[in-house]
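Visitor: Numbering (the working numbering), first residue to last: 257 to 457.
Ideal placement from N, C-alpha and C gives every residue a C-beta, glycine not left out.
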Amino acid sequence: LHRTGVGGGGAPHRSKLALARYARKWKQLNTIQRKRIKKEEITRYTWINHHDVLAVYSADCAKRVLVYDGPSSNGIVQPCDPCAEVLNDKRFQNALRRKMPSEAHMRFSPSQYRPELLGAVWSMQTGVRQLVEMVRSHILYHKNNDIYLEFSRMAISGNLKGHEALLGLIEYEVRRFQRLSAGKSLCNMEYPHPINEVMNI
Ligand SMILES: [Zn+2]
Numbered sequence: 257l258h259r260t261g262v263g264g265g266g267a268p269h270r271s272k273l274a275l276a277r278y279a280r281k282w283k284q285l286n287t288i289q290r291k292r293i294k295k296e297e298i299t300r301y302t303w304i305n306h307h308d309v310l311a312v313y314s315a316d317c318a319k320r321v322l323v324y325d326g327p328s329s330n331g332i333v334q335p336c337d338p339c340a341e342v343l344n345d346k347r348f349q350n351a352l353r354r355k356m357p358s359e360a361h362m363r364f365s366p367s368q369y370r371p372e373l374l375g376a377v378w379s380m381q382t383g384v385r386q387l388v389e390m391v392r393s394h395i396l397y398h399k400n401n402d403i404y405l406e407f408s409r410m411a412i413s414g415n416l417k418g419h420e421a422l423l424g425l426i427e428y429e430v431r432r433f434q435r436l437s438a439g440k441s442l443c444n445m446e447y448p449h450p451i452n453e454v455m456n457i
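Following this line, the structure appears as structure tokens:
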């Protein structure tokens with residue numbers, strides 16, 4: 257579940273669904289037709305991914321589990337039969353076998369399978385939405401994929417004004433790293449103003 261944000265699997269491929277419903281290829285569908293196919297795909301999932309509890313359930317889950325409460329059971333809980341069956345599903349086994357891509361490669365996952373909305377909710381809840389979107393739009397605009405270079409460019413051009421705490425933290429980390437690699441101790445190291453404020457709370 258760490259490698260995908262998709263809500264489930266085991267449905268026929270989108271191209272097959274498109275062919276069955278519209279007698280067309282997925283690429284030939286318009287936005288509304290694509291939305292319909294995506295909704296149909298969800299109803300055809302054979303397993304459901306629950307990222308919030310890191311669990312996979314069968315779409316036919318019987319909604320009961322076997323709990324062993326003997327003294328040596330260690331609280332073992334067995335899933336219901338349909339959920340246990342998911343493990344034998346060839347497509348599920350294939351999904352499990354697929355290697356976790358490196359973080360650098362994850363950027364190339366198809367946009368139609370990205371949990372865009374959940375990402376937006378998370379970034380708003382953690383208060384970094386503006387920052388994330390600023391960096392993203394800069395990358396798209398400059399067609400530049402090096403996020404560190406882009407970050408430096410934004411910091412220098414003053415586009416990160418209002419994010420003093422973040423800049424202060426980075427400044428502190430860079431200086432700390434410089435001192436450590438020069439073999440100096442961290443005693444008497446001064447903290448940037450916003451970090452100082454946080455530490456004094
Ligand atoms: Zn179940």
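For residue 285, which residues of its own chain have a beta-carbon under 8 Å away from its beta-carbon, when the five flanking residues on both sides are left out?
Guide: Translated into the one-based positions of the sequence shown, residue 285 becomes position 29. Taken in chain order, the residues that qualify are 274, 278 and 293.
Visitor: Comparing the CB of residue 441 with every heavy atom of ligand 1, is any distance shorter than 8 Å?
Guide: By 1-based counting over the sequence shown, the position of residue 441 is 185. The answer is no for residue 441.
Visitor: Taking 8 Å as the cut-off, does the region 331-346 touch the region 311-318 (at least 3 CB pairs, one atom from each stretch)?
Guide: The answer is yes - the region 331-346 touches the region 311-318, with three or more Cβ pairs under 8 Å.
Visitor: Exposed or buried, residue 407, counting other C-beta atoms within 10 Å across all chains shown (16 or more means buried)?
Guide: What you label residue 407 is simply residue 151 of the sequence shown in a count that begins at 1. By the neighbour-count rule (16 or more Cβ atoms within 10 Å), residue 407 is buried.
Visitor: Could you tell me the distance, in whole angstroms, from the CA atom of residue 436 to the CA atom of residue 424?
Guide: For the purposes of this step, residue 436 is identified with residue 180 of the sequence shown, where counting begins at 1. For the purposes of this step, residue 424 is identified with residue 168 of the sequence shown, where counting begins at 1. Each residue's Cα considered, the two are about 18 Å apart.
Visitor: Taking residue 469 as part of the beta strand (DSSP E), name the residues at either end of that continuous run.
Guide: Residue numbering for the chain in the displayed model covers 257 to 457; residue 469 lies beyond these limits and cannot be assessed.
Visitor: From residue 429 to residue 373, what distance separates their C-alpha atoms?
Guide: Residue mapping note: residue 429 aligns to position 173 of the sequence shown, counting from 1. Residue mapping note: residue 373 aligns to position 117 of the sequence shown, counting from 1. Roughly 32 Å separates the two Cα atoms.
Visitor: Who pairs with residue 334 in a beta bridge, going by DSSP?
Guide: For the purposes of this step, residue 334 is taken as the residue at position 78 of the sequence shown. BP columns for residue 334 point to 322.
Visitor: Quick one: residues in its chain with C-beta nearer than 7 Å to the C-beta of residue 280, no 5 flanking neighbours on either side, listed in chain order?
Guide: For the purposes of this step, residue 280 is taken as the residue at position 24 of the sequence shown. Cβ neighbours of residue 280 beyond the five flanking positions: 274.
Visitor: Can you tell me where the beta strand (DSSP E) holding residue 303 begins and where it ends?
Guide: Counting from one through the sequence shown, the residue named residue 303 turns up at place 47. Run containing residue 303: 303-306, per the beta strand (DSSP E) assignment.
Visitor: Tell me where the alpha helix (DSSP H) around residue 417 begins and ends.
Guide: If you number the sequence shown from 1, residue 417 lands on position 161. Segment: none, residue 417 is in no alpha helix (DSSP H) and carries neither H nor E.
Visitor: Just the residues with CB closer than 6 Å to a heavy atom of ligand 1, in chain order, which are they?
Guide: Here the residues come out as 313, 314, 317, 318, 335, 336, 338 and 339.
Visitor: Identify whether residue 439 lies in helix, strand or coil by the three-state DSSP scheme.
Guide: Working through the sequence shown from its first residue, we reach residue 439 at position 183. In this structure, residue 439 counts as coil in the three-state DSSP scheme.
Visitor: Across which residues does DSSP place residue 264 in a beta bridge pair?
Guide: In the sequence shown, the residue the question calls residue 264 occupies position 8. Looking at the DSSP assignment, residue 264 forms a beta bridge with 304.
Visitor: Would you call the region 260-271 and the region 347-364 touching, i.e. three or more CB-CB distances under 8 Å?
Guide: These segments touch.
Visitor: In chain order, what residues of the same chain have a beta carbon less than 6 Å from the beta carbon of residue 371, not counting five sequence neighbours either side?
Guide: Translated into the one-based positions of the sequence shown, residue 371 becomes position 115. Within the same chain, residue 371 has close Cβ partners 261.
Visitor: Need the endpoints of the alpha helix (DSSP H) that residue 289 sits in, please.
Guide: The residue you call residue 289 lines up with position 33 of the sequence shown. 287-299 is the span of the alpha helix (DSSP H), which, as asked, contains residue 289.
Visitor: Let's test the definition: count the other Cβ atoms within 10 Å of the Cβ of residue 303 and tell me whether it reaches 16, buried, or not, exposed.
Guide: Locating residue 303 in the sequence shown gives position 47, counting from the first residue. Classification for residue 303: buried.
Visitor: Beta-carbon separation of residue 416 and residue 380 under 9 Å?
Guide: As a position in the sequence shown, residue 416 is number 160, starting the count at 1. As a position in the sequence shown, residue 380 is number 124, starting the count at 1. Taking 9 Å as the Cβ cut-off, residue 416 and residue 380 do not qualify as a contacting pair.
Visitor: Please name the residue, chosen from 364, 272 and 393, that lies closest to residue 259 on a Cα-to-Cα basis.
Guide: Numbered from its first residue, the sequence shown carries residue 259 at position 3. Answer by Cα proximity: 364.
Visitor: Rounded to whole angstroms, what's the CA-CA distance from residue 330 to residue 382? Just pull it up for me.
Guide: Residue mapping note: residue 330 aligns to position 74 of the sequence shown, counting from 1. Residue mapping note: residue 382 aligns to position 126 of the sequence shown, counting from 1. Each residue's alpha carbon lies about 37 Å from the other.
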